[in-house]
Structure formats: structure tokens, C-alpha cells
Ligand code: RIB
Ligand code: CA
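Residue numbers (our numbering): 1391 to 1710.
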């Protein structure tokens, strides 16, 4: 039975690649894709969600949720890595934005319609998740599992020395979600930073003659250029795809129950994830955290998911 999933994303090139994997994986039933501001503005994130879904055109379109503006605005964005339009500066065409249902309403509707069955995969700031929980206070106990890409345990942040990007963009929402009753799994930077996809990835993508291959062959090269210019890295991170693998194949990850929270104040510490790792912790365990992964297995799983997405979006019946 396919796992019912809602993907909450701030595309963002790594979000877009994770979307391509998820939309065509037979193990998943994507109920909805909801946009959230983060790498790009809420408006551009909403446009990019529709752009990616239009470009790859899955047989059964998920419901699409539009992002609303974060209460405190966004302190930063990811355009230096993801391009001015969030998708490598490729400026892909998109049809008129379809029905504009707010992301948090779609999350509430789909979880209510499938109580305790839905896995929400949050690959951006937690604005929508927090709003859905505020809109329907019973929702946290009705979500099957919430899998989060973001935060840090012992390692450095990536947007400040203390904070990871998704938590830094909206720390108030991150705190309220981490403190919620929901069953949660965190895939932190400590794990997702361990994989750098080399230039080989460009040769391993699905063929140009597939919709997924055509999209990724347009938006990934700018990401490689940006990582090289910004970090001198000969490759790119795939934070969100790795978090998705924790949903597709949890056996590839080792996890530990921990007690965590998110700092919402401080010039230096805003957005930092704090865990009670004292010998005698006082905080109650509230989240399962990925503390290790079978790196080669995760890479193989990502490449297999991309190959399957290529097969299912082939425009040439000989591409099998
Ligand atoms: O810190 C990495 C995360 O921030 C990823 O989800 C990336 O897409 C950005 O949203
Ligand atoms: Ca993201």
C-alpha cells in the first residue's frame, strides 16, 4: 500500500529534485504539494511548485497549496544558490496559477481526510506546518509522521554558525512544531551535509527525452556553478532528497529519540537547534533524530528514484 504523503517545499533546486523523485515513486501517493517561502519568496515558491509539477506532469496531479507570507517576513533567501527565480535562473514557463488554496488549509483537509495515515515531509521553513497546527489544534495527533529536513545536532549551521536555513527562516514556527505532540523525525544538516553529489550526477540523470531528465538537466548545472563559486565545492548538496529517502527507506538511517527545541532570539543564536544532551537530561524526548545513514545506500536509492522518474516521464517509448 503506497504511503500517503504531503510534501511542503520551498523550491529551490534541491526541493525540485526531491519532488521529481517523490512524484513518480510507486511507494508514495502524493496527496498534496504545498509551497512555503524560504529559498525564494512565498509567491515565487508557489509559482515554482506549479512549474515543477507542470514540467514533469505526473499521471495524477497532487493538490497544490500556495504559500502565504511568513508573519515576520523572511530574514534571508537562497537565491545565491538556487538562482534569481529559485530554479537555476532558467525562467521556465508556467500556466496561469491554478486555484489558489492556502497551503495550511490543504494540509488540514488532507490530514483530516486520512487521519493517522499521512506523512508530511517538510523540506522548507515550518511556517505552513505551524499554521496548520494553529488552524486545527487536534491536527498534530492526527498526522501519521512529520519528517523534517533541517536543524543541526552537533554540527555548524549553514546560514549562520549556529542555525540551519529552514529553522533560521522562521524560528517561531520551528519551535512550535518541535514542541507539538506530533510524531516527528528530524534529518539534520549533520546527516545531509555528508553527501555531496559530484558532477557525475549530470551523467546519471534520466535522458533529455524524459520530462524529469529535461527539467533537471536545465536546473542542476546552475546549482553546480553556484556551489563552486560560493563554496569552492566540486558538487552540490541534496539535503531535501536525503530527507525524502528517510521516508522511502527508513532502514538506511539510524535514529535516536532526543529532546530538542529551537532558539527564537539572539543575534548569534536565532534559529539554532538545541538538544538536551546532559548526562541527566531534564527535557522530555520529543523528536526522533537521524544520527547516521548508510551513505552509499542513500545515494543508490536517490539515483534509482531518479531513474524510475525518468522511465515514467519518458517522451520516447524506446527509453525503457
Ligand atoms: O538547509 C538546507 C535546507 O534549506 C534545504 O531544504 C534547502 O532547500 C533550503 O530550504
Ligand atoms: Ca528546501
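Just so you know, even glycine gets a beta-carbon here, dropped at the ideal spot from N, CA and C.
Contact between the stretch 1576-1586 and the stretch 1419-1433 is absent, with fewer than three C-beta pairs closer than 8 angstroms.
For residue 1638, the enclosing alpha helix (DSSP H) covers residues 1629-1638. When the five nearest sequence neighbours on each side are left out, the beta carbons in the same chain lying within less than 7 angstroms of the beta carbon of residue 1475 are those of 1434, 1481, in order along the chain.
Collapsing the DSSP output to three states places residue 1641 in a helix. Residue range 1663-1665 is occupied by the beta strand (DSSP E) that includes residue 1663. Annotation for residue 1490: no alpha helix (DSSP H) segment contains it, and DSSP assigns it neither H nor E. With a cutoff of 6 angstroms, residue 1629 counts as near ligand 1, since its C-beta is closer than that to a heavy atom of the ligand. Residue 1553 and residue 1517 do not touch by the CB rule: their CB atoms are close to 16 angstroms apart, not below 8 angstroms. Of the other Cβ atoms in all chains shown, fewer than 16 fall within 10 Å of the Cβ of residue 1506; this residue is therefore exposed. Judged by pairs of C-beta atoms under 8 angstroms, the stretch 1512-1526 touches the stretch 1490-1499, as three or more such pairs exist. Straight through space, the alpha carbons of residue 1648 and residue 1669 are spaced by roughly 13 angstroms. Here residue 1447 is exposed, its C-beta having fewer than 16 other C-beta atoms within 10 Å. Around residue 1566, the same chain offers 1520 as residues with beta carbons nearer than 6 angstroms, after the five sequence neighbours per side are excluded.
In the same chain as residue 1652, and ignoring 5 residues on each side of it, the C-beta atoms closer than 8 angstroms to its own belong to 1541, 1557, 1561, 1564, 1565, 1568, 1661, 1662, 1663, 1664, in chain order. With contacts defined as CB atoms closer than 7 angstroms, residue 1457 and residue 1408 fail to qualify as a contacting pair. Look at residue 1405: its beta carbon is less than 6 angstroms from one of the heavy atoms in ligand 2. Within the DSSP bridge table, the entry for residue 1648 names 1677 as partners. Per DSSP, reduced to three states, the secondary structure at residue 1705 is coil, with no helix or strand assignment. Excluding five sequence positions before and after residue 1599, the CB atoms of its chain that fall closer than 7 angstroms to its own CB belong to 1704, 1705, 1706, 1709, given in chain order.
Judged by DSSP secondary structure, residue 1576 falls within the beta strand (DSSP E) whose first and last residues are 1574-1577. Note on geometry: alpha-carbon atoms of residue 1605 and residue 1442 lie some 8 angstroms from one another.
When DSSP reads this structure, residue 1398 sits in a beta bridge with 1424, 1512. Burial check for residue 1413: the Cβ neighbour count within 10 Å reaches 16 or more, so the residue is buried. Within 10 angstroms of the beta-carbon of residue 1463 lie fewer than 16 other beta-carbons, which makes it exposed. Not one heavy atom of ligand 1 lies closer than 6 angstroms to the C-beta of residue 1534.
Counting the other Cβ atoms within 10 Å of the Cβ of residue 1685 gives fewer than 16, which makes it exposed.
For residue 1455, the enclosing beta strand (DSSP E) has its first and last residue at 1453-1456. For residue 1566, the enclosing alpha helix (DSSP H) has its first and last residue at 1561-1568. In the DSSP assignment, residue 1419 forms a beta bridge with 1394.
Taking 7 angstroms as the cut-off, the Cβ atoms of residue 1603 and residue 1700 count as close. Note on residue 1591: 16 or more other CB atoms within 10 angstroms of its CB, so buried under the neighbour-count rule.
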